[in-house]
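Number of protein chains: 2
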Amino acid sequence: MANISKKVSWSGRGDDRGERTPLLNGAEDGKYNRHLSGGGIFNIGRLSTVDLEEITPEEDIVRSRPKEIPHNAKLLSLKYESLDYDNSENQLFLEEERRMSHMGFRCLETRRWVICGLIGFLTGLIACLIDIAVEKLAGYKYSAVKQNIEKFTEFGGLSISLILWAVLNSAFVMVGAIAVAFFEPIAAGSGIPQIKCYLNGVKIPRVVRLKTLAIKVFGVICSVAGGLAVGKEGPMIHSGAVVAAGVSQGRSTSLKKDFKIFEYFRRDTEKRDFVSAGAAAGVSAAFGAPVGGVLFSLEEGASFWNQMLTWRIFFASMISTFTLNFFLSIYHGKPGELSSPGLINFGRFDGDSVQYNLYEIPLFIIMGALGGVLGALFNVINYWLTIFRIRYIHRPCLQVMEAMLVAAVTATVSFAMIYFSNDCQPLGQDNTEEYSLQLFCADGEYNSMATAFFNTPERSVRSLFHNPPGSYNPLTLGVFTLAYFVLAVWTYGLTVSAGVFIPSLLIGAAWGRLFGILLSTITSSQSIWADPGKYALIGAAAQLGGIVRMTLSLTVILVEATGSVTYGFPIMLVLITAKIVGDYFIEGLYDVHIKLQSVPFLHWEAPPTSHWLTAREVMSSPVTCFNRVEKVGRIVDVLSNTSTNHNGFPVVAHTTENDEPGKICGLILRSQLIVLLKHKVFVERASSRLSHRKLQLKDFRDAYPRFPPIQSIHVSQDERECMMDLTEFMNPTPYTVPQETSLPRVFKLFRALGLRHLVVVDNENGVVGLVTRKDLARYHLGKDGLEELHLAQT
Amino acid sequence: MANISKKVSWSGRGDDRGERTPLLNGAEDGKYNRHLSGGGIFNIGRLSTVDLEEITPEEDIVRSRPKEIPHNAKLLSLKYESLDYDNSENQLFLEEERRMSHMGFRCLETRRWVICGLIGFLTGLIACLIDIAVEKLAGYKYSAVKQNIEKFTEFGGLSISLILWAVLNSAFVMVGAIAVAFFEPIAAGSGIPQIKCYLNGVKIPRVVRLKTLAIKVFGVICSVAGGLAVGKEGPMIHSGAVVAAGVSQGRSTSLKKDFKIFEYFRRDTEKRDFVSAGAAAGVSAAFGAPVGGVLFSLEEGASFWNQMLTWRIFFASMISTFTLNFFLSIYHGKPGELSSPGLINFGRFDGDSVQYNLYEIPLFIIMGALGGVLGALFNVINYWLTIFRIRYIHRPCLQVMEAMLVAAVTATVSFAMIYFSNDCQPLGQDNTEEYSLQLFCADGEYNSMATAFFNTPERSVRSLFHNPPGSYNPLTLGVFTLAYFVLAVWTYGLTVSAGVFIPSLLIGAAWGRLFGILLSTITSSQSIWADPGKYALIGAAAQLGGIVRMTLSLTVILVEATGSVTYGFPIMLVLITAKIVGDYFIEGLYDVHIKLQSVPFLHWEAPPTSHWLTAREVMSSPVTCFNRVEKVGRIVDVLSNTSTNHNGFPVVAHTTENDEPGKICGLILRSQLIVLLKHKVFVERASSRLSHRKLQLKDFRDAYPRFPPIQSIHVSQDERECMMDLTEFMNPTPYTVPQETSLPRVFKLFRALGLRHLVVVDNENGVVGLVTRKDLARYHLGKDGLEELHLAQT
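Residue numbers (the working numbering), protein chains in the order written: chain A, 8 to 801; chain B, 8 to 801.
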């Protein structure tokens, strides 16, 4: 039997939960050893927002020695709220739904499609903007540097070229990093972990705001143009999500502009659906992979698979890739030619070379395993680097400096590699290299290392896939792999907007091509292993799979991006192998980062050995309940209590004056109560002033999603004595479970329905506890079986 | 507000439900107008199994005038049971789970992967067998007929060739139809509607048995070799599902062979997961589309999306297509060349022709709409044809005769078309037509109509996609489209195993190519519309989409089958258009057939206008409950009561002697009670005979899935006085909802968790009703808003 004997600690304050009293009587065995004292508080970089006045002495002690808790991946933050995927079906809502005719629902559905079309269109436009901006800026940069290099190659003094390159890079990166670090830190990175969390049901603050989008787009242009080992594809997913969240609400709270449209969709359920569509549209635009986009959304987010939703997501993806194609085709001067894919263009794998043989399957598996190991290595190094960054590089200016340093180092390393390489290749007739450097090569030849380094990473990947055999010598590839691996690891996690897809592909393509070349050398039969480009593709898949560990969606994305279905099977095989091997060492990169942020992320299933835990042990108890008709004063007091900070309150049939718990008759949310208080919906007022407007669903929607804090609402002493009737506003049919329900069962209910609160009742339907996301996310499978995470305030 | 004023009728007997008393007091408005009397009984072909002794006088009257209920699509059959996707977490189960170590769960997971591998492998083998058998048989047939035709072309007397052809066709079809009609009627058709139902959670009798598989495989070989307008691809999905159900259980009840492995997986939850994998493997083998297979399973079945499950499904798909490729490559004499796709090979779209332009998009949309209209026409005709068949052609020998007639007519029509066609085309150098007929053409030419008709449909599709411009003249294509459309409509629904995918594609490819040719004639610019093959592909997608109405999975299947990602976007566009247009007229073909079988199919969401219905109105009430410790006699009586035939019984804390309903404390299934009765687990015995073996989960698993009927269990008069303690065996934590819960909310819970029974409780947790699948499936969206289906015994 599994055995928990870890110290569990938490502080009394936290969303959704009251002061916690462990109920040990129901435990299967007496092996619990819970201590209420001690640590569990840790600050993660700039995310720490514990106000000074709230720090209890206990917390203070912990803050003074933060290094005592080295693994903050073992913490669970209490600061993240949940999304409410479950509709609050209160009387107002039901009345509205019942008033609506069949045509009304049709209109709504049509509006959903229109929104998805808009999401796709705008996401495509943004992708287009990023692409063109990056191409222009990078073009200027490389032209300038190339001219400079050519000038100084003859006369000597190439160090000036190096300095020019490094300064240009650093300048670009500095601008981007400043924007991110000082104005919107949430825009850092690829945004994929954040979107994963959002789709999982965690409300990440500021993640889908317009400002985040602006900084993200600006940041990614800067960092790619700045020559960092990053891609512009990952951030597209985040951008799409923000677009979706904005468009679907028909207003921008940042711009204080309300278009008064799409008001029906102003709730978490609808918004989240649209955000999945936005994420899919982002993937679709980034890789020209509409199906891959849909699968990404589903693989990462939707446990709530629904056919109509899927079609809408699909539609958004389609429109997005179409818009991008259309505008890019105009930009490239061939308007209307739509056959080119998304932001990244891997080129087509065509003709006779597109085949593989049975005896290559074991080789692919070996490459998959290699990718898994290298990916795990990447993740481990990045994990430690991130911990280091969390501890020591959390001031914005330090972050900007680090980013500039990386940019300069990247330029230097690239330059050194090109300089010391003597791998000269003849220029082909169809010179596909846009910035081919002659350097010290003979006339009519170019430096092969430069095709890999002196280029945007997308072009380098394409060269590795498609350049004819013999374009690279093995040493070049080996050194490049090593150098780029180090640079990419260092770069991911910097305070810049950037993705990890392309660097991963590039590393993989390099060692994959190397693998192919070595194979043909060993077997010394050029004919069979004719195409090192094939191995480059497989290597790229293996490396990317080893780092991010997606399987289904990644297969489709790669298949769509390469335009070749033939390699579908090997790619899958390689991705699955990479995942299995990689998972043996460490989780995927995004999961590592999610864990490091202590997000209460719910996985697909409860840990398998958790059957001996029941709702009784898992739930928070006692629960703060309200009566159907409650005194305003009590409500204000409860809401103002910063030490509990609950978000959902069961409504019970009678007060809990006696020992017996009150019978459940509904559930009301903090946000609803705040709107009620703001509009002063008191029983006394309703009877005295008949003219008083009846509260409508619209009032709740207008306040969504940034409900005012309780402190901003003034309630006079007289009003405190009034009563509030919650009957009309509470959800009268919250889902409940009995205390004996096993954790997996609770988990399944929670996950399948996207719940935020689950009320635990006794035999008589009395409220005995409340299960929230954190209560479930706490339990996870460690090396030695079930582990319980610490809860922390950060 | 929506308004139901239809007559609702039902008979008191039915799975999961008691005698129904409408509780009108809770209705939102008083517009209900329910009559307990009258109709609702209708026999669907051979599916009618109402025993004579069960017919009440009322029913008798109805049976004598079945034509009074013309739309049996408006009925809901009570004879289908539900699957139990929700685990019964009783004490036995929890004890087993708790005993299991972390390693134990790993082993289980590994075993799941092994099973999925096996499923893929066997499915691939079956696909291979079908392919080779069809190719051989069709080869013999066409060679014989071709020789005969060539012989008689010179001397005259081609009518003998016609007779030979017709007789050969009819003979093949007769054999296949006899096998299906007499031995396993469930093996008729493509099996996709049945698998859809199974994945939806409806237990279709005999659908996943070994015998069904054998007949299905044999039948499909016969019908394809018999030259019917059918494909061999659809039945692969059914075959894969049967393989999955068989392998995952580690035994065959048909063969009475128990391998004593995989015993853990002997329950509905696990079996259903494996069946999804099998269906995916089937698609994957049929179309060489592993990703398409996964999407098919998800689109059709899984509301319970789970990442690990998805990967396993993906794995099974991969293995399946790999196995098929591998063995076919050996069969074709090129062992190890794995680049060819599945059963169907559309050929590759390569080179310069693979592109499209902006101004073609509207054309694609028009084609999509056309496909939608034609598809709807197909479905409407087939709907009426099926109703006709249900009424008049329900005896097996009639069914066999109809199938033979269709086979003969198909041969005759084909022959006539070839005979009267004078579309001669020169033989190319690379003569890809295997059975090109010269007939009356000059030497070095062949009859173009013959390439379409005198061929397996797969080859015809490929020819239409890839033959160079000018291979067909427009008239040929027009006539062919018309003839094949009629034949295909007539053929679908015959008592043979066959799929509708390929005929749909063929029809679409024909008119699509015609469309392309006409376009280039109108615009008289050959260069732009150079490739009619492209339009053939788009037409094929449109027609198929218009008939079956799948979107996401079909896109991927077509993309994977053609090996071209470029056309992904147009294909999607066309499929979505076809779906929207088609849905305006009638549902998809599979849904039409599911409705005609009156299966209680749960769609993705509750009808939108159903918010004003609550659990109180929907539930069955009163419910037969048991006490925790119940008298054996009462249990036997309740189970033997054929007029109720319940399947799930809430267990309550005290008897319902007084008016108050008993408090829920568990739920027990008929199958569990039967096992308990069989093993005589009585309280008295437990105390008297200590040696009596304790009942284990294994005993339940051994009896799964064919639990003996209650009649086969002998309970003596003495034993009837004994008591049975259900505590250990019941599910102590069934999901419950309060009476006020709205229908959409109940629906969501039901669908998301795959429930079979949902207990409705009052404020005090007393059992007041039970919601089952039929209670929810009854409500559906008609033309004028919410409609309620009749419940019928058939």
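Built from N, CA and C at the ideal position, the CB exists for glycine as well.
Within the same chain, and ignoring the five residues on either side of F269 of chain A in sequence, the residues whose Cβ sits closer than 7 Å to its Cβ are R118, I122, S255, Q256, G257.
Shortest Cα-Cα distance from K203 of chain A to any of A:F461, A:E306, A:Y591 involves A:E306. For A186 of chain A, the three-state secondary structure derived from DSSP is helix. Residue contact check for G553 of chain B against chain A: no CB pair falls below 8 Å. Contact annotation: V572 of chain B and V572 of chain A have beta-carbon atoms nearer than 8 Å.
DSSP places T631 of chain B outside any alpha helix (DSSP H), giving it a letter other than H or E.
Listed along chain B is no residue with a C-beta nearer than 9 Å to that of N429 of chain A; the closest approach is about 38 Å. Each residue's CA atom was taken as its position, placing W497 of chain A and G451 of chain A some 36 Å apart. The DSSP-derived three-state label of H109 of chain B is helix. Annotated three-state conformation of R258 of chain A is strand, per DSSP.
Listed in chain order, the positions of the segment 645-664 of chain B with a beta carbon within less than 8 Å of a beta carbon of chain A are A660. For D590 of chain B, the uninterrupted alpha helix (DSSP H) segment begins and ends at 575-592. The DSSP assignment places 431-433, 452-454 as complete runs of the beta strand (DSSP E) inside the segment 399-464 of chain A, in order along the chain (cut-off: 3 residues). Here D782 of chain A is buried: its Cβ has 16 or more other Cβ atoms, across all protein chains shown, within 10 Å. A Cβ-Cβ separation of about 6 Å places T569 of chain A in contact with L544 of chain A under the 8 Å criterion. Within the same chain, and ignoring the five residues on either side of D732 of chain A in sequence, the residues whose Cβ sits closer than 6 Å to its Cβ are V636, V690. By alpha-carbon distance to T616 of chain B, the top candidate from A:L90, A:V209, A:F112 is A:F112. DSSP places S527 of chain A in the helix class (H, G or I) of the three-state scheme. C-alpha of K143 of chain B to C-alpha of Y363 of chain A: approximately 28 Å in a straight line. Taking CB atoms only, K670 of chain B has a neighbour in chain A less than 8 Å away. Under the Cβ distance rule, R105 of chain B counts among the residues neighbouring chain A, one pair being separated by less than 8 Å. Taking a cut-off of 8 Å for Cβ pairs, the segment 380-392 of chain B and the segment 133-141 of chain B do not touch, as fewer than three such pairs fall below it. Per DSSP, K638 of chain A lies in no alpha helix (DSSP H); the unbroken beta strand (DSSP E) holding it starts and ends at 636-638.
For the set B:D769, B:I681, B:F736, the Cα lying nearest the Cα of P712 of chain B is the one of B:I681.
The straight-line gap separating the alpha-carbon atoms of A517 of chain B and L484 of chain B is approximately 6 Å.
Here G127 of chain A has A288, A323, I326, S327 as same chain residues with Cβ atoms under 6 Å from its own Cβ, once five neighbours each way along the sequence are excluded.
For F371 of chain B, no Cβ of chain A is located within less than 8 Å of the residue's own Cβ. The continuous stretches of alpha helix (DSSP H) do not include D732 of chain B, which lies in the beta strand (DSSP E) extending over residues 730-732. Rounded to whole angstroms, S467 of chain B and A784 of chain A show a C-alpha spacing of 56 Å. With a threshold of 8 Å between beta carbons, K755 of chain A makes contact with chain B. Chain A places no beta carbon closer than 8 Å to that of L484 of chain B, leaving this residue out of the contacts.
At a C-beta separation below 8 Å, I228 of chain B has no neighbours in chain A, since its nearest C-beta there lies roughly 27 Å away. Just so you know, the alpha carbons of F714 of chain B and K685 of chain B end up roughly 10 Å apart. Residues of the same chain with a CB within less than 6 Å of the CB of F179 of chain B, apart from the 5 flanking positions on each side, are C229, A232, G233 in chain order. Here the alpha carbon of E367 of chain A sits roughly 50 Å from the alpha carbon of V625 of chain A.
As computed with DSSP, V778 of chain A is found in a beta bridge with A:L765.
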